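Participant: Just passing along the structure, written as structure tokens.
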Amino acid sequence: MTAVRIEREIERKYDAAADFALPDLTGLPGALGEPEVQRLDATYFDTTDLRLAARGITLRRRTGGTDAGWHLKFPVGRGVKEEIRLPLGRAAKTVPKELAGLVRAYTRGRALRPIARIETTRTLRRLLDAQGNPLAEIADDAVTGQALDRTEPVAWHELEVELTAGEPGLLDLLDERVRAAGASPAGSGSKLLRLLDHR
Numbered sequence: 001m002t003a004v005r006i007e008r009e010i011e012r013k014y015d016a017a018a019d020f021a022l023p024d025l026t027g028l029p030g031a032l033g034e035p036e037v038q039r040l041d042a043t044y045f046d047t048t049d050l051r052l053a054a055r056g057i058t059l060r061r062r063t064g065g066t067d068a069g070w071h072l073k074f075p076v077g078r079g080v081k082e083e084i085r086l087p088l089g090r091a092a093k094t095v096p097k098e099l100a101g102l103v104r105a106y107t108r109g110r111a112l113r114p115i116a117r118i119e120t121t122r123t124l125r126r127l128l129d130a131q132g133n134p135l136a137e138i139a140d141d142a143v144t145g146q147a148l149d150r151t152e153p154v155a156w157h158e159l160e161v162e163l164t165a166g167e168p169g170l171l172d173l174l175d176e177r178v179r180a181a182g183a184s185p186a187g188s189g190s191k192l193l194r195l196l197d198h199r
């Protein structure tokens with residue numbers, strides 16, 4: 001049986017200029033770890049009429065980074081998503097039946113197909129506690145995306161600040177720092193929705 005993982009994702013997203021620099025985080029809980037560069041390649045799946053995207057649901061197959069695999073995300077509140085993960089498997093263009101079943105109430109018999117590809121060069125920094133465990137992650141993302149029914153790619157720069165094991169107030173402290181450095185709250189709740197806004 002395929003191993004399914006369910007996690008609660010608590011994060012804030014920001015739009016940022018291409019030359020955005022992470023501000024000094026001195027005084028916040030934890031110590032800032034060394035930067036880690038990841039290259040992520042994600043294919044997103046939906047129905048032709050985008051029934052999942054209309055509800056803020058994203059379904060993707062992503063390679064690269066530390067969590068390669070199939071990811072299905074449901075919004076459950078502001079800045080909070082429930083994420084269901086499966087290993088990559090062999091099939092790159094067929095959604096695993098476990099995930100297809102979870103969105104059947106939304107797709108209502110419509111086929112799931114690739115609708116977009118998004119490539120990200122991510123510079124990841126972690127705030128670590130005294131034992132080296134991550135309290136929060138700050139992902140500085142240079143993104144290029146293309147809807148598969150369009151010929152022109154779209155590029156942008158964004159930040160994702162995700163709480164891992166820290167107290168919820170840590171997100172507020174990080175929010176103050178990154179906004180003071182020039183980032184602004186993202187206009188879209190996900191990379192896919194931002195890309196589709198350009199269609």
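The UniProt record's numbering numbers the first residue of the sequence shown as 1 and each following residue consecutively. Glycine residues also receive a C-beta, built at the ideal position from the N, C-alpha and C atoms. Since we're looking at a predicted model, the values are computed, not measured.
Cα separation between Gly-182 and Arg-122?
Facilitator: So the two alpha carbons sit approximately 19 Å from each other.
Participant: Report the start-end ranges of each alpha helix (DSSP H) in the segment 95-165 that is 4 residues or longer and not cut off at the edges.
Facilitator: Whole alpha helix (DSSP H) segments, 4+ residues: 97-102, 104-107.
Participant: Please list the terminal residues of the continuous beta strand (DSSP E) segment that includes Ala-180.
Facilitator: From DSSP, Ala-180 is part of no beta strand (DSSP E) but of the alpha helix (DSSP H) over 169-180.
Participant: With burial defined as no fewer than 16 other Cβ atoms inside 10 Å of the residue's Cβ, what is the status of Ser-184: buried or exposed?
Facilitator: Its Cβ having fewer than 16 others within 10 Å, Ser-184 is exposed.
Participant: Under the assumption that Leu-173 contacts Arg-12 (Cβ atoms under 8 Å), give the Cβ distance between them as a whole number of angstroms.
Facilitator: So it is not a contact: roughly 12 Å between Cβ atoms.
Participant: Please work out which residues of its chain come closer than 6 Å, Cβ to Cβ, to Thr-47, disregarding the five sequence neighbours upstream and downstream, and give them in chain order.
Facilitator: Closer than 6 Å at Cβ, skipping near neighbours: Thr-107, Arg-110.
Participant: Please list the terminal residues of the continuous alpha helix (DSSP H) segment that includes Lys-191.
Facilitator: Here the alpha helix (DSSP H) through Lys-191 covers 191-197.
Participant: When the distance is taken between beta carbons, is Thr-58 closer than 8 Å to Leu-88?
Facilitator: Contact flag unset, no.
Participant: Can you look up Arg-55 in the DSSP assignment and give me helix, strand or coil?
Facilitator: Of the three classes helix, strand and coil, the one that applies to Arg-55 here is helix, per DSSP.
Participant: Find the nearest neighbour of Phe-74 within the set Ile-118, Val-37, Ile-6, Leu-25, judged by alpha-carbon distance.
Facilitator: Checking every option, the nearest Cα to that of Phe-74 belongs to Ile-6.
Participant: For Phe-20, name the three-state secondary structure that DSSP assigns.
Facilitator: Phe-20: coil per DSSP, three-state reduction.
Participant: Comparing C-alpha positions only, which one of Ala-68, Glu-36, Leu-193, Asp-175 sits nearest to Val-154?
Facilitator: Of the listed residues, the one whose Cα sits closest to Val-154 is Leu-193.
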